[in-house]
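Visitor:
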Amino acid sequence: MCPHALIPYKPKNPKTRLSSLLSQEEREAFAFAMLEDVVSAAKDAMCSPVVVGTELFDSELVQVTVKDADLNQTLNEILPTVETGLLILMADLPLADEASIRRVTSTEKDMAIVPGRGGGTNVIFMKEPKKFHVDYYGTSFVKHMKIAADAGLSVEVVDSFRLHTDIDEEDDLVELLIHGTGKSRAYLESLGFSLATETGRVRCVRKR
Ligand SMILES: Nc1nc2c(ncn2[C@@H]2O[C@H](COP(=O)(O)OP(=O)(O)OP(=O)(O)O)[C@@H](O)[C@H]2O)c(=O)[nH]1
Ligand SMILES: C[C@H](OP(=O)(O)O)C(=O)O
Numbered sequence: 001m002c003p004h005a006l007i008p009y010k011p012k013n014p015k016t017r018l019s020s021l022l023s024q025e026e027r028e029a030f031a032f033a034m035l036e037d038v039v040s041a042a043k044d045a046m047c048s049p050v051v052v053g054t055e056l057f058d059s060e061l062v063q064v065t066v067k068d069a070d071l072n073q074t075l076n077e078i079l080p081t082v083e084t085g086l087l088i089l090m091a092d093l094p095l096a097d098e099a100s101i102r103r104v105t106s107t108e109k110d111m112a113i114v115p116g117r118g119g120g121t122n123v124i125f126m127k128e129p130k131k132f133h134v135d136y137y138g139t140s141f142v143k144h145m146k147i148a149a150d151a152g153l154s155v156e157v158v159d160s161f162r163l164h165t166d167i168d169e170e171d172d173l174v175e176l177l178i179h180g181t182g183k184s185r186a187y188l189e190s191l192g193f194s195l196a197t198e199t200g201r202v203r204c205v206r207k208r
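Residue numbers (UniProt numbering): 1 to 208.
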């Protein structure tokens, strides 16, 4: 199966939870580098990426631009119009790779979901998007499981380190510096980020 992959993306002032480490300009460049990593993985898995952005940004990527910044409203307007299998992949999953995406899209259930850290939802694959609607934010994983159950849809919850690791907070950068192979890891390193391994838990530090 070769589904479209919708990738929600907020180019302006993204990743505010990383504000103590990165300026707004750096967060915007970092979010774009993560998006490029996600798009590249989606293409490797033979998915057709469509970026659902809150504004047009300078790129050759296929984009749908929506004026309303509300993620749920935007996606719920798109879902009923799609006849085929559809993937929703967040733009902050720079560890995504071909194998992990194929694992999701090859589910034998009606849908597959990869939970994010802390109750979020990182990836949703729907064979019949018309029957589902999204409700992101808060414990969206719990909400999505209930929406699927109410709609009579079977769900595979996919256990994937690479798709579970969304980059929201400082600790998450450690995972990217260890396991990342793409542009977003290179961007962090170009800013002077590295791992501090001397004492206790591994941390991420930035050279001044
Ligand atoms: N199209 C669209 N995408 C969004 C919106 N809000 C977040 N996203 C995207 O959804 C994904 C998950 O969002 P968050 O983890 O909350 O990212 P964020 O809003 O940049 O980060 P914080 O400011 O730290 O909450 C990321 O890929 C964002 O780019 C929105 O209102 N519209
Ligand atoms: C959009 C939101 O992302 P998080 O803030 O949990 O990364 C969610 O997964 O519901």
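C-beta atoms are modelled at their ideal positions from N, C-alpha and C, and glycine is treated no differently.
Specify, as a first and last residue, the run of the beta strand (DSSP E) that Y136 falls within.
Guide: Against the sequence shown, residue 136 aligns to sequence position 136. Counting along the chain, Y136 falls outside any beta strand (DSSP E), and DSSP gives it neither H nor E.
Visitor: Find out if the Cβ-Cβ distance for the pair I168, R117 is shorter than 9 Å.
Guide: Translated into the one-based positions of the sequence shown, residue 168 becomes position 168. Translated into the one-based positions of the sequence shown, residue 117 becomes position 117. It is worth fixing the name first, because residue 168 is Asp in this sequence and not Ile. Yes, these two residues count as a Cβ contact at 9 Å.
Visitor: Count the other C-beta atoms from every protein chain shown that fall within 10 angstroms of the C-beta of E175, then say buried if there are 16 or more, exposed otherwise.
Guide: For the purposes of this step, residue 175 is taken as the residue at position 175 of the sequence shown. Buried is the call here.
Visitor: Less than 9 Å between the beta carbons of residue 226 and A148, yes or no?
Guide: Lying outside 1 to 208, the shown extent of the chain, residue 226 is not represented and no answer is given.
Visitor: Compare the C-alpha of T105 against each of P94, A91, E128 and name the closest.
Guide: To locate residue 105, count along the sequence shown from 1; it is residue 105. Measuring from the Cα of T105, the nearest candidate turns out to be E128.
Visitor: I need the boundaries of the alpha helix (DSSP H) containing F125, first residue and last residue.
Guide: Start at 1 with the first residue of the sequence shown, and residue 125 comes out as number 125. Unbroken run through F125 is the beta strand (DSSP E), 121-126; no alpha helix (DSSP H).
Visitor: Put R206 into one of helix, strand or coil per three-state DSSP.
Guide: The count along the sequence shown starts at 1 and reaches residue 206 at position 206. If DSSP states are grouped into helix, strand and coil, R206 belongs with the strands.
Visitor: Taking 8 Å as the cut-off, does the CB of G152 come closer than this to any heavy atom belonging to ligand 2?
Guide: Your numbering for residue 152 matches position 152 in the sequence shown. No; taking the cut-off as 8 Å, the Cβ of G152 has no heavy atom of ligand 2 nearer than that.
Visitor: Would you call the region 27-38 in contact with the region 70-88, where contact means no fewer than 3 C-beta pairs closer than 8 Å?
Guide: No, because fewer than three Cβ pairs between the region 27-38 and the region 70-88 fall closer than 8 Å, the two stretches do not touch.
Visitor: What do you reckon, are the CB atoms on L79 and K130 nearer than 9 Å?
Guide: In the sequence shown, counting from the first residue as 1, residue 79 sits at position 79. In the sequence shown, counting from the first residue as 1, residue 130 sits at position 130. Yes, the Cβ-Cβ distance between L79 and K130 is below 9 Å.
Visitor: Helix, strand or coil: how does DSSP classify P94 here?
Guide: Here residue 94 refers to the residue found at position 94 when the sequence shown is read from its first residue. It is coil, neither helix nor strand.
Visitor: Between the Cα of D97 and the Cα atoms of F141, V82, V123, which residue gives the shortest distance?
Guide: If you number the sequence shown from 1, residue 97 lands on position 97. Looking at the Cα atoms, V123 is the closest of the given residues.
Visitor: Nearer than 8 Å: is that true of the beta carbon of P8 relative to any heavy atom of ligand 1?
Guide: Locating residue 8 in the sequence shown gives position 8, where the first residue counts as 1. It does: the Cβ of P8 is within 8 Å (strictly closer) of some heavy atom of ligand 1.
Visitor: Leaving out five residues on either side along the sequence, give the residues of the same chain with a beta carbon under 7 Å from the beta carbon of A151.
Guide: By 1-based counting over the sequence shown, the position of residue 151 is 151. Same-chain partners within the cutoff: K131, F132.
Visitor: Ligand 1 heavy atoms versus the CB of T16: any closer than 8 Å?
Guide: Stepping through the sequence shown from its first residue, residue 16 is reached at position 16. Yes, Cβ of T16 sits closer than 8 Å to a heavy atom of ligand 1.
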